[in-house]
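Peer 1: My structure is below; once you've seen it, I'll send some questions.
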Amino acid sequence: MGEAKLRILIADDSAITRGIFEKEFKNSSRFDVVELVSNGRKAVDYCREHTVDLVITDYDMPEMNGIEALKILKNELGISVCVYSDDNSVRNEAIQEGALLFAIKPSLSSYGSSSMLNFINSIQEAAKNIKPSANSNSEAQDSDNDEHGFKILCIGASTGGPTAVQEVLSGLGKDFPLPILYAQHIDIGSDKKMVDWFNTCCPDTPMHLAKDGEIAKKGHVYMAPADTHLVIDYINDAGETVLKLSHEPPERFLRPAVNKLFRSAARYYKSSCLAVLMTGMGRDGAEGCKEIVDCGGFTIAEDKSTCAVFGMPAAAIELDAAKLVLPRDLIAKKILSVV
């Protein structure tokens, strides 16, 4: 089995530099280039939505420079950052702000030369203690007996979702050992009624409309309010999940978006994330499932035979982002067996 690679993002306002660096870093057995962006703001925005292990950034960029981005990436998102520049006078600033490494930017004419190789090697050496998010050991992921140590369960659904999710929650029984986060496409004004209905049907797994800053408790379900994204804000010192609500723009015209929830869970819980994508129209949740799988987590998609609409689970299956496909009456049993 090959060693899992670090997921890296390269930020530079020069398209030529980005292209050269992408080729050079892709030649390394240690790195997987997942995104190229032109400034620090785009780097931060991408890292808020996707799993990135290391950001490699130029110092001098428009809108947000490398140091400004470093402060957010390191302090808020916990992502390591290597800063480079052709101006050695900014070295102390970069190191003082917490850069993993400051390196002199190789000239574009050094493409393929020893100076470029030294630049790559210095970053690789600096990043040697960073644990990759991506798990390349697919056999381990496929094993039903693999000790994932799951700490969070996320559920996403759309058309036909309430009935499907109700069947799963009913099968989990009392004292389910994980917090459950639930994103459901729902009309404004219907969310409170839906939560009341769930609490009548599934009294063993009490459901709440999620609140901003709330700590998610084990055995409780937190549903995204209508027209509001639900994500994980951070994990506190006690290891508890702290929730965040946002009115950021819809994704694919959807708010809440399942992708938003799943991506945040992948970023914070990696291989400890368990997610279920159920019936629904469209493709929401598929990319989030892929992010979870790439981080070593486990995903279950509802089988076509029980879906009201097979769109969302089918999209995840197409992306090879469903580790398991099950009819809804078997999903709760599988969740209990892996948890």
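In case it helps, the working numbering puts the sequence shown at residues 735 to 1073. From the three backbone atoms N, C-alpha and C, an ideal C-beta is built for every residue, glycine too. The structure presented is a predicted model; accordingly, all values stated were derived computationally and were not measured.
Where residue 869 and residue 831 are concerned, what is the direct C-alpha to C-alpha distance, given to the nearest angstrom?
Peer 2: Here residue 869 corresponds to residue number 135 of the sequence shown, with the count starting at 1. Here residue 831 corresponds to residue number 97 of the sequence shown, with the count starting at 1. Note on residue 869: pLDDT 41, under 50, position unreliable in the model; the coordinate value appears next. Straight-line Cα distance between these residues: approximately 30 Å.
Peer 1: Roughly how many whole angstroms lie between the Cα atoms of residue 801 and residue 918?
Peer 2: Counted from its first residue, the sequence shown places residue 801 at position 67. Counted from its first residue, the sequence shown places residue 918 at position 184. The alpha-carbon atoms of residue 801 and residue 918 are separated by roughly 38 Å.
Peer 1: Where does residue 873 land, buried or exposed, given buried means 16+ other C-beta within 10 angstroms?
Peer 2: Against the sequence shown, residue 873 aligns to sequence position 139. At residue 873 the pLDDT is 35, less than 50, meaning the model places this residue with poor confidence; the figure from the coordinates comes in the next sentence. Exposed.
Peer 1: Rounded to the nearest angstrom, what separates residue 911 and residue 950 at their Cα positions?
Peer 2: Here residue 911 refers to the residue found at position 177 when the sequence shown is read from its first residue. Here residue 950 refers to the residue found at position 216 when the sequence shown is read from its first residue. Roughly 12 Å separates the two Cα atoms.
Peer 1: What does the Cβ neighbour count give for residue 1001, buried or exposed, with the cut at 16 atoms within 10 Å?
Peer 2: Sequence index remark: in the sequence shown, residue 1001 carries index 267 (1-based). Classification for residue 1001: buried.
Peer 1: Would you decide whether residue 829 is buried or exposed? Buried here means 16 or more other CB atoms lie within 10 Å of its CB.
Peer 2: Start at 1 with the first residue of the sequence shown, and residue 829 comes out as number 95. So residue 829 ends up on the exposed side.
Peer 1: According to DSSP, is residue 756 helix, strand or coil?
Peer 2: Residue mapping note: residue 756 aligns to position 22 of the sequence shown, counting from 1. Three-state DSSP puts residue 756 in a helix.
Peer 1: Should residue 785 be labelled buried (16 or more other beta-carbon atoms within 10 Å of its own) or exposed?
Peer 2: Counting from one through the sequence shown, the residue named residue 785 turns up at place 51. Residue 785 comes out buried.
Peer 1: Around the Cβ of residue 777, are there at least 16 other Cβ atoms within 10 angstroms (buried) or fewer (exposed)?
Peer 2: Working through the sequence shown from its first residue, we reach residue 777 at position 43. Buried, by the Cβ-count rule.
Peer 1: Could you round the C-beta distance between residue 955 and residue 939 to whole angstroms and report it? I think they count as a contact, below 8 Å.
Peer 2: Translated into positions along the sequence shown, residue 955 becomes position 221. Translated into positions along the sequence shown, residue 939 becomes position 205. Sure, about 6 Å apart at Cβ, within 8 Å.
Peer 1: Suppose you measure from the CA of residue 1065 to the CA of residue 1034; what does that come to, to the nearest Å?
Peer 2: Locating residue 1065 in the sequence shown gives position 331, where the first residue counts as 1. Locating residue 1034 in the sequence shown gives position 300, where the first residue counts as 1. Approximately 8 Å, taken between the alpha carbons.
Peer 1: DSSP beta-bridge partners for residue 980?
Peer 2: The residue labelled residue 980 in the question sits at position 246 within the sequence shown. When beta bridges are read from the DSSP output, residue 980 appears opposite 963.
Peer 1: Tell me, to the nearest whole angstrom, how far the beta carbon of residue 867 is from that of residue 741; I am working on the premise that it is less than 8 Å.
Peer 2: The count along the sequence shown starts at 1 and reaches residue 867 at position 133. The count along the sequence shown starts at 1 and reaches residue 741 at position 7. Correct: roughly 6 Å between the Cβ atoms.
Peer 1: Is it right to say residue 898 is buried, meaning 16 or more other beta carbons lie within 10 angstroms of its own, or is it exposed?
Peer 2: Residue 898 sits at position 164 when you count from the first residue of the sequence shown. Per the 10 Å Cβ criterion, buried.
Peer 1: Ordered along the chain, which non-local residues of its own chain (more than five positions away) have a Cβ less than 6 Å from that of residue 769?
Peer 2: Within the sequence shown, residue 769 is the residue found at index 35, counting from 1. Cβ neighbours of residue 769 beyond the five flanking positions: 743 and 780.
Peer 1: Round the Cβ separation of residue 804 and residue 833 to the nearest angstrom and send it over; I've been treating them as touching at under 8 Å.
Peer 2: Residue numbering aside, residue 804 sits at position 70 when the sequence shown is read from its first letter. Residue numbering aside, residue 833 sits at position 99 when the sequence shown is read from its first letter. Contact holds; Cβ gap of about 6 Å.
Peer 1: According to DSSP, simplified to helix, strand and coil, what is residue 890?
Peer 2: Walking along the sequence shown from the start, residue 890 turns up at place 156. Looking at residue 890 - three-state DSSP - the assignment turns out to be strand.
Peer 1: From 964, 890 and 981, pick the residue whose C-alpha is nearest to that of residue 1036; which is it?
Peer 2: Position 302 of the sequence shown, counting from 1, holds the residue named residue 1036. The shortest Cα separation from residue 1036 among 964, 890 and 981 belongs to 890.
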